[in-house]
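Everything in the sequence shown is counted per numbering that gives the first Met the number 0, starting at 0 for the first residue and increasing by one.
Comments concern the structure below.
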Amino acid sequence: MKVDLFNPTDEHKQLREMVRSFAEREVEPQAAEHDREEKFNAPLFRKLGDLGLLGITAYERFGGSEMDSVAAVIAHEELAAVDPGFTLAYLAHSMLFVNNVNFNGNDAQRAKYLPPACSGQAICGMCMSEPGAGTDVLGMATTARKDGDHYVLDGAKMWITNGAVSKTELGDTFLVYARMHGAGRSELSSFLVEKGTPGFSLGQKIEDKLGMRASMTAELVFEGCRVPAENLVGTEGSAMLHMMRNLEIERLTLAAMSLGIARRSIEIMNDYARDRKSFGEPLNRFGQIQRHIAESYAEYMAGRSYVYQVAGHLDLDEPGHRLDSDGVKLYCATMGKNVADRAIQVLGGYGYVGEYRVERLWRDAKLLEIGGGTLEAHHKNMTRDLARTDKL
Ligand SMILES: Cc1cc2nc3c(=O)[nH]c(=O)nc-3n(C[C@H](O)[C@H](O)[C@H](O)COP(=O)(O)OP(=O)(O)OC[C@H]3O[C@@H](n4cnc5c(N)ncnc54)[C@H](O)[C@@H]3O)c2cc1C
């Protein structure tokens with residue numbers, strides 16, 4: 000039997016067909032408008048819940064679909080091919096919040112927070128970055144201290160996807176990382192914080208982003224924010240391990256988004272180069288154009304093979320794949336951006352305007368070199384991991 004690396008099972012194949020048809024029918028037509036107006040499409044987002052995508056990796060008994068890393072990659076790849084901004088909101092919700100709570104929370108937390116998140120009733124996110132600390136996670140300044148049967152959080156979180164759902168309205172529930180007691184890895188803890196908790200507010204909605212404009216990004220503020228003690232995830236000081244475990248699927252699905260961007264860019268430049276004539280010949284007869292198309296395809300397939308190879312081995316419950324979850328994002332983020340850039344070049348002036356979509360894909364692609372770990376962070380992590388290895 001022929002092995003299909005990108006759809007290893009019938010279930011994966013059906014999932015891809017279902018997401019692709021939904022993406023083309025319902026997501027694509029609204030993408031340009033929501034990008035232009037910097038608006039999040041909450042009603043469409045909730046439909047992802049009806050399709051079982053919001054809790055794609057969460058346990059079935061808590062409302063999820065209990066699928067694997069390959070399935071998560073397929074969903075992100077297919078949605079990002081039509082609307083990376085919308086897909087980033089999906090990723091922040093389903094991977095950074097739902098998957099994180101599913102694997103790191105306890106049953107009481109799963110029972111309370113996962114069903115509304117999996118159905119789309121609640122829109123959720125994860126708060127790690129701060130105004131003064133991004134790559135340097137251990138430099139975070141938000142603090143948590145125990146006060147009776149509550150923890151009190153003080154600080155601010157920056158760049159939080161789904162932090163707002165409109166210009167003035169907070170998202171619903173967040174996983175928030177904070178420092179306890181002092182400095183060091185073992186001092187980080189994480190908490191579930193709901194909209195309406197005293198001391199929790201929307202700081203600013205971040206406007207005028209280069210790309211990913213269909214996802215809302217916000218600063219969130221915690222001022223003497225009193226969180227019930229049962230909202231501590233795991234034990235005090237265990238958050239670094241949770242963060243590491245969840246970053247692997249985050250980076251893998253961000254890389255999958257770059258694959259979607261690259262595929263769509265190649266389809267668009269291929270069609271255009273076949274139809275458009277210059278000097279009496281289709282563009283795809285010219286060697287320089289052939290180079291843009293052929294190199295893009297080969298790089299896309301290399302990235303795709305790497306992503307699905309890693310996804311096939313990534314166990315959501317076990318950390319230990321950092322080298323390659325950083326590796327796929329390092330390679331695919333720049334690959335996706337370069338392929339979108341070549342598509343603009345092949346389309347000439349038409350590539351530079353919204354109608355042909357590739358300028359939006361190019362703007363969105365840039366974020367993937369920054370969010371979820373910068374390229375430089377991947378260089379640092381990968382070199383550190385490789386230094387511990389003698390043979391590959
Ligand atoms: C649209 C968007 C959505 C986001 N969504 C979320 C979210 O939902 N939740 C969340 O927690 N965060 C989110 N982020 C934050 C994102 O993860 C951070 O922006 C990213 O980790 C980089 O942090 P920073 O912006 O503070 O940059 P910095 O860490 O200050 O880095 C600035 C530059 O210095 C480089 N640099 C830093 N340290 C080193 C070093 N040791 N060696 C070499 N170079 C270094 C970086 O690579 C980068 O080029 C989002 C960001 C954006 C833009």
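All C-beta atoms in this analysis are idealised placements derived from N, C-alpha and C, irrespective of residue type, glycine included.
Under 6 angstroms: does the beta carbon of residue 113 sit that close to some heavy atom of ligand 1?
Residue mapping note: residue 113 aligns to position 114 of the sequence shown, counting from 1. No - ligand 1 has no heavy atom lying nearer than 6 angstroms to the Cβ of residue 113.
Assuming residue 306 and residue 255 make a contact with CB atoms under 8 angstroms, what is their CB distance in whole Å?
The sequence position of residue 306 within the sequence shown is 307, counting from 1. The sequence position of residue 255 within the sequence shown is 256, counting from 1. Correct: roughly 6 angstroms between the Cβ atoms.
Report yes or no: do the region 183 to 203 and the region 70 to 79 share at least 3 C-beta pairs separated by less than 8 angstroms?
In short, these stretches do not touch, since the Cβ pair count stays below three.
Under the rule that 16 or more other beta-carbon atoms within 10 Å means buried, what is residue 105, buried or exposed?
For the purposes of this step, residue 105 is identified with residue 106 of the sequence shown, where counting begins at 1. Answer is exposed; the Cβ neighbour count stays below 16.
Can you name the start and end residues of the alpha helix (DSSP H) that residue 388 belongs to?
Sequence index remark: in the sequence shown, residue 388 carries index 389 (1-based). Premise fails: residue 388 is in no alpha helix (DSSP H) and is neither H nor E.
Does the structure place the region 368 to 385 close enough to the region 222 to 236 that three or more beta carbon pairs sit under 8 angstroms?
No, they do not touch.
Just to confirm before moving on: does the CB-CB distance between residue 248 and residue 339 stay below 7 angstroms?
Residue 248 sits at position 249 when you count from the first residue of the sequence shown. Residue 339 sits at position 340 when you count from the first residue of the sequence shown. In this structure, residue 248 sits away from residue 339, with a CB-CB distance that is not shorter than 7 angstroms.
Residue 56: buried (16+ other C-beta within 10 angstroms of its C-beta) or exposed?
Translated into the one-based positions of the sequence shown, residue 56 becomes position 57. Its Cβ being crowded by 16 or more others within 10 Å, residue 56 is buried.
Quick one: residues in its chain with C-beta nearer than 8 angstroms to the C-beta of residue 374, no 5 flanking neighbours on either side, listed in chain order?
Mapped onto the sequence shown, residue 374 falls at position 375. The residues 329, 332, 333 and 368, in chain order, have a CB closer than 8 angstroms to that of residue 374 in the same chain once the five nearest residues on each side in sequence are set aside.
Out of 268, 99 and 43, point me to the one whose CA is closest to residue 118's CA.
Sequence index remark: in the sequence shown, residue 118 carries index 119 (1-based). Minimum Cα distance to residue 118 is reached at 43.
From residue 142 to residue 253, what distance separates their C-alpha atoms?
On the sequence shown, position 143 is the one that residue 142 refers to. On the sequence shown, position 254 is the one that residue 253 refers to. Going by C-alpha positions, residue 142 is about 29 angstroms away from residue 253.
What are the partner residues of residue 159, as DSSP defines its beta bridges?
For this step, residue 159 is matched to residue 160 along the sequence shown. Residue pairing of residue 159 in beta bridges, as defined by DSSP: 217.
Contacts around residue 246, its chain only, beta-carbon distance under 8 angstroms, and the 5 residues preceding and following it disregarded:
Position 247 of the sequence shown, counted from the start, is the residue given in the question as residue 246. Same-chain partners within the cutoff: 321, 324, 371 and 372.
Since residue 93 and residue 52 are thought to touch, with beta carbons under 8 angstroms apart, how far apart are those beta carbons, to the nearest angstrom?
Position 94 of the sequence shown, counted from the first residue, corresponds to residue 93. Position 53 of the sequence shown, counted from the first residue, corresponds to residue 52. Going by Cβ atoms, the distance from residue 93 to residue 52 rounds to 7 angstroms, so yes, they are a contact pair.
Please list, in chain order, all residues of the same chain as residue 288 whose beta carbon is under 8 angstroms from its beta carbon, the five residues on each side excluded.
In the sequence shown, residue 288 corresponds to position 289, counting from 1. Hits under 8 angstroms: 272, 282 and 345.
Sort 195, 211 and 70 by Cα distance to residue 366 and report the nearest one.
As a position in the sequence shown, residue 366 is number 367, starting the count at 1. Residue 366 has its Cα closest to that of 211, out of 195, 211 and 70.
Coil, strand or helix - residue 234 by DSSP
Here the question's residue 234 lines up with position 235 in the sequence shown. It is coil, neither helix nor strand.
Residues near residue 177 in its chain [Cβ-Cβ closer than 7 angstroms; skip 5 each side]:
Numbered from its first residue, the sequence shown carries residue 177 at position 178. Contacts found: 141, 142, 143, 152, 154, 188 and 190.
Would you identify the three-state DSSP class for residue 291, choosing helix, strand or coil?
Translated into the one-based positions of the sequence shown, residue 291 becomes position 292. Per DSSP, reduced to three states, the secondary structure at residue 291 is helical.
Report, in whole angstroms, the separation of the C-beta atoms of residue 170 and residue 123, which I expect to be a contact under 8 angstroms.
Along the sequence shown, read from residue 1 onward, the residue named residue 170 stands at position 171. Along the sequence shown, read from residue 1 onward, the residue named residue 123 stands at position 124. Rounded to the nearest angstrom, the Cβ distance from residue 170 to residue 123 is 6 angstroms, consistent with a contact under 8 angstroms.
Can you tell me which residues form a DSSP beta bridge with residue 176?
Here residue 176 refers to the residue found at position 177 when the sequence shown is read from its first residue. Bridge partners of residue 176: 189.
Return yes when the Cβ of residue 69 is within less than 7 angstroms of the Cβ of residue 33, no when it is not.
In the sequence shown, residue 33 corresponds to position 34, counting from 1. In the sequence shown, residue 69 corresponds to position 70, counting from 1. Not in contact: residue 33 and residue 69 (Cβ atoms no closer than 7 angstroms).
Hey, residue 64 and residue 54 are a contact pair by Cβ (cut 8 angstroms); roughly how many whole angstroms apart?
Mapped onto the sequence shown, residue 64 falls at position 65. Mapped onto the sequence shown, residue 54 falls at position 55. Their Cβ separation, rounded to whole angstroms, is 6 angstroms, which keeps residue 64 and residue 54 in contact under 8 angstroms.
With 16 as the cutoff for other CB atoms within 10 Å, does residue 13 come out buried or exposed?
For the purposes of this step, residue 13 is taken as residue 14 along the sequence shown, with counting starting at 1. Classification of residue 13: exposed, given that the 10 Å Cβ count is below 16.
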